[in-house]
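**Q** Got a structure for you, written out below as structure tokens; questions coming shortly.
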Amino acid sequence: MDDPEIQETVEAILGPGAKVVDCEKKSSIKEEETLYINGIPVTLEGRDGIAIKQALITGQVPPCDLLNTLLIKTGILKAPVKLDTSLSIKSTTVTKEEVTVSRQGRVVDERSREVKEQNVYSSALTEVFEPIKVLPSADLLNGEYSNVKYYDNNGYETGSERKFGSCSSASSYESEDPPAPYKPKHCLSRDSGHLSNSQSTTKVDYTQSSADSLSSLDETDYLTEEFKKCTAYSGDNGFPNGFKNKFLPTIFGTVASDLTPKDCSNRRSLPQTPQSKSYSVIYNGEANQEGSAGTEFTQDNALVYKDGNLISGSLDALIQHMVPTDVYYPDRAYLFAFLLSSRLFIKPHDLLAKVRNLCETQQGLGNAQAASLNSGSQARFAGHLVQLLAEWTETFPYDFRDERMMDHVRKITQQCCAVNSSLRANVSLLLHNLHPRLTALEAYEKSLDAQGSAAPPADENLTDISELCPDASVLAQQLTHVELERLSFIGPEEFVQAFAKENPQLETSFKDMKKTHNLEQYVQWFNRLSYFVATQVCKYQKKKMRVRVVEYWIEVGRECFNIGNFNSLMAIIAGLNMSPIARLKKTWSKIHSGKFAILEHQMDPSSNFSSYRSTLKAAMWRSAGATDQRQRIVIPFFSLLVKDLYFLNQGCSNRLPNGHINFEKFWQLAKQVTEFMAWKQVTCPFEKDPKIISLLQHGPILNENALALASFECEPPDNNQEKERCKTLKADSASN
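When we follow our numbering, the leftmost residue of the sequence shown carries the number -15, and every step to the right adds one.
Okay, structure coming up:
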């Protein structure tokens, strides 16, 4: 044996003179990935570990059930958990100065000086989580277990083998064999996204043309924590107990289904569309037709699917798909996406008119003979139709400022109540909930008009915001009040209508509709805040006071960042970066530049605001699992959100070559707008100070030219360009 190390080891064990004839070496390497939670190592293994790892790498939120499973296994949730979150940012600025002395072209002396400035910013947050009873998802949903693979919303296959039961008429099973006699359970519907307690009998059919085989294959297939807040539905009409409870946004999170491809036809008929021209009535999922002519799909009554997801269809087919029957109710995600983007092709009042016409011609609404022959099915259908109106009025209430919409609502509800008199209370509550929202909108718009026309009080002309509110964190909280109030009045349809009126090629016009301008007003608020910041700086002639004000606003921006108020943060940064402020070199030389550099880095526009987008994802993650209202706040940089939605709107408005509407773009737009809806519904938890808010919204601001003049008075122009600019401004000011 030539290896002296092995020979030495053997002799040490067996004694001198031992001869090594042969040796076999074995080595094993064990790799494991560990996630540390409060210092406790949690090994990421198995499919659950892979899912969490991939979610963290891609910046997504891991499914809550996976996180809870790991926390329970490691014993973290068995006792109160103290969670310490800390953020440390270190910034180093190196300034190097070189001086060269030359005489007659020869360097006689050369010196250099290097100054290194280190800035450290840190923040810490401590939370205590108390243990609560953790139930399996299937128990929470009262569903059934079956041997099917479950994929979460991020597309990761989990180890749980669970099956969500469904009470919708459009139900489907992914297990190999259909269950025994099917009895609906009071559970979360995969289609509707809310608790259902319908007692109607549902026939399960496995043919592709069956109304029941549509299922949620054509819509989204996800469930989120928000659904736990939904009220239980009861009764044949499908309305919630305590209908006064406020509806939640229609959908949350990912819209497009991430489930594995399902074995289904690319084209499917509509559950409420007769396959022939003869009149048909659907009883408990079985279509009974007086005639059997023509069962082939046509371009007008078929929707196109890919991997179980609705991707396109004609306008008429999409409208028919939203019309309920006695055993079918459209998916809530589909309703939201279609009602949001369909206004690019048809006005809301025309859409509701078409829905009413389809209900009358296909479902026999208002037909006394049909109602008497099929009283049970007609009553269920009427309940579904009123439920459709309730969701429409809750999600898009501003559509009903149009008297033509209200006229259709009155006629439809009268017809429904004639079929099912028990719906009168539900209709009354529907209108009762709609009225205060429209009244509040009118009052809000009047207040904005008054703000724009009213002159600021005389005593506010000299008010310094830092004197009225010395604490920067309090001012950040008051800014959050203003932001959330203005956000709450922006309707989701405003994003679509704002772009539609700029595109003359669209098939619909909004000139005859009473529009809302809350979106534009919110953009104007951003500009006002930027000019307000700049005005507060330039109002002081003394450099020391300007330095104090700039540092104050930097601290306010930092507090906005901690709260999650990114819109106010960006407005403050924009105000401090305006030319009249940025040119004040003597002022900036006295300011601790590291703090401002950190804020600017967070809102750096490079790479399409990649730094901000990463921070926004983190804020969304924090908000999703937060119990403290303060941690639920997410106020996005609004101008960037509008820009993103603009490009999605462009895709929505373009038809496909076959004339179909591109519904894939509808899903994408709905996802973005739904996230916004969740953000704007957060209640501001901070105490409101009317004086500070009044100064922020009514305080005097200087326009661009006045700011430039004030800046030159603070620090004289130091180059020819600035001198010319100053002369021009003074001349214009004198002439006025």
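Virtual Cβ for every residue (Gly too), placed ideally from N, Cα, C.
Check for me: the alpha helix (DSSP H) holding residue -7 runs from which residue to which?
**A** Residue -7 -> alpha helix (DSSP H) spans -12 to -2.
**Q** Hey, which unbroken runs of the alpha helix (DSSP H) at 4 residues or more fall wholly within the region 383 to 453?
**A** List check, alpha helix (DSSP H) in window: 387 to 403, 408 to 437, 449 to 452.
**Q** Determine the direct distance from the alpha carbon of residue 616 to that of residue 708, and round the result to whole angstroms.
**A** Rounded to whole angstroms, residue 708 to residue 616 spans 50 angstroms at the Cα level.
**Q** Can you have a look at residue 596 and say buried or exposed, based on whether 16 or more other CB atoms are within 10 angstroms of its CB?
**A** By the neighbour-count rule (16 or more Cβ atoms within 10 Å), residue 596 is buried.
**Q** Compare the C-alpha of residue 348 against each of 310, 583, 380 and name the closest.
**A** For the residues 310, 583, 380, the minimum Cα distance to residue 348 belongs to 310.
**Q** What distance in whole Å lies between the Cβ atoms of residue 474 and residue 664, which are believed to be in contact at a cut-off of 8 angstroms?
**A** Right, their Cβ atoms sit about 7 angstroms apart.
**Q** Going by DSSP, what residue range makes up the beta strand (DSSP E) through residue 296?
**A** Taken as a continuous stretch (DSSP letters only), the beta strand (DSSP E) holding residue 296 covers 293 to 297.
**Q** Going along the chain, which unbroken runs of the alpha helix (DSSP H) with 4 or more residues stay wholly within the region 464 to 488?
**A** Complete alpha helix (DSSP H) runs here, min 4: 477 to 484.
**Q** What span of residues does the beta strand (DSSP E) with residue 26 cover, start to end?
**A** From DSSP, the beta strand (DSSP E) with residue 26 extends over 24 to 28.
**Q** Spatial neighbours of residue 467 within its chain, please: CB distance less than 7 angstroms, with the 5 preceding and 5 following residues excluded, ordered by chain position.
**A** Closer than 7 angstroms at Cβ, skipping near neighbours: 549, 551, 552, 619.
**Q** Can you find the residues in the same chain that come closer than 8 angstroms, C-beta to C-beta, to residue 51, ignoring five residues on each side of it along the sequence?
**A** So the list reads 36, once near-sequence residues are dropped.
**Q** Are the beta-carbon atoms belonging to residue 363 and residue 414 less than 7 angstroms from one another?
**A** Cβ distance not < 7 angstroms, so residue 363 and residue 414 don't count as in contact.
**Q** Mind listing, in chain order, the continuous beta strand (DSSP E) runs of no fewer than 3 residues lying wholly within the region 592 to 637?
**A** Correct list: empty.
**Q** What number of angstroms, rounded off, separates the C-alpha of residue 666 from the C-alpha of residue 103?
**A** So the two alpha carbons sit approximately 35 angstroms from each other.
**Q** Just grab the DSSP bridge partners of residue 93 for me.
**A** In DSSP, residue 93 forms a bridge with 85.
**Q** Which class does residue 78 belong to by DSSP, given the choice of helix, strand or coil?
**A** DSSP places residue 78 in strand when its eight states are reduced to three.
**Q** Drop a sphere of 10 angstroms on the beta-carbon of residue 72, count the other beta-carbons inside from all chains shown, and report buried for 16 or more, exposed for fewer.
**A** Under this definition residue 72 is an exposed residue.
**Q** Go ahead and pull the three-state DSSP assignment for residue 13.
**A** Three-state DSSP puts residue 13 in coil, outside helix and strand.
**Q** Could you work out which residue in -3, 389, 671, 308 is closest to residue 371 when comparing CA atoms only?
**A** Ranking -3, 389, 671, 308 by Cα distance to residue 371 puts 308 first.
**Q** Using DSSP with H/G/I as helix, E/B as strand and the rest coil, what is residue 179?
**A** Because residue 179 carries a pLDDT of 34, less than 50, the predicted location of this residue cannot be relied on, and no value is offered for it.
**Q** May I ask which residues mark the beginning and end of the beta strand (DSSP E) holding residue 289?
**A** Note, residue 289: beta strand (DSSP E), 286 to 290.
**Q** Buried or exposed, going by whether 16 or more other CB atoms sit within 10 Å of the CB of residue 459?
**A** Flag for residue 459 reads buried.
**Q** Exposed or buried, which one is residue 585 when buried takes at least 16 other CB atoms within 10 Å?
**A** Exposed.
**Q** Classify residue 40 as buried or exposed, calling it buried when 16 or more other Cβ atoms lie within 10 Å of its own Cβ.
**A** Result: exposed.
**Q** If you follow the alpha helix (DSSP H) that residue 314 is in, where does it begin and where does it stop?
**A** Looking at the DSSP string, residue 314 is not in any alpha helix (DSSP H), and its letter there is neither H nor E.
**Q** Specify, as a first and last residue, the run of the alpha helix (DSSP H) that residue 639 falls within.
**A** Segment: none, residue 639 is in no alpha helix (DSSP H) and carries neither H nor E.
**Q** Do residue 450 and residue 536 have their beta-carbon atoms positioned less than 7 angstroms apart in this structure?
**A** Closer than 7 angstroms, so yes.
**Q** Tell me the residue span of the alpha helix (DSSP H) that contains residue 529.
**A** Element bounds for residue 529: 527 to 547.
**Q** Check whether the region 574 to 585 and the region 705 to 719 touch, using three or more Cβ-Cβ pairs below 8 angstroms as the test.
**A** Verdict: no, contact absent.
**Q** Residues in the same chain with beta-carbon distance under 6 angstroms from residue 78, minus the five sequence neighbours each way, listed in chain order, please.
**A** These residues qualify, in order along the chain: 100.
**Q** Using CA coordinates, which residue listed in 75, 296, 46, 25 is at the minimum distance from residue 642?
**A** Here the closest residue by C-alpha is 296.
**Q** Which residue wins for smallest C-alpha separation from residue 570, given the options 525, 621, 471, 588?
**A** Per the Cα distances, 525.
**Q** For residue 650 and residue 321, which I take to be in contact (beta-carbon distance under 8 angstroms), what is that distance rounded to the nearest angstrom?
**A** Confirmed, about 5 angstroms.
**Q** Residue 323 and residue 392: beta carbons closer than 7 angstroms?
**A** For residue 323 and residue 392, no; Cβs fall outside 7 angstroms.
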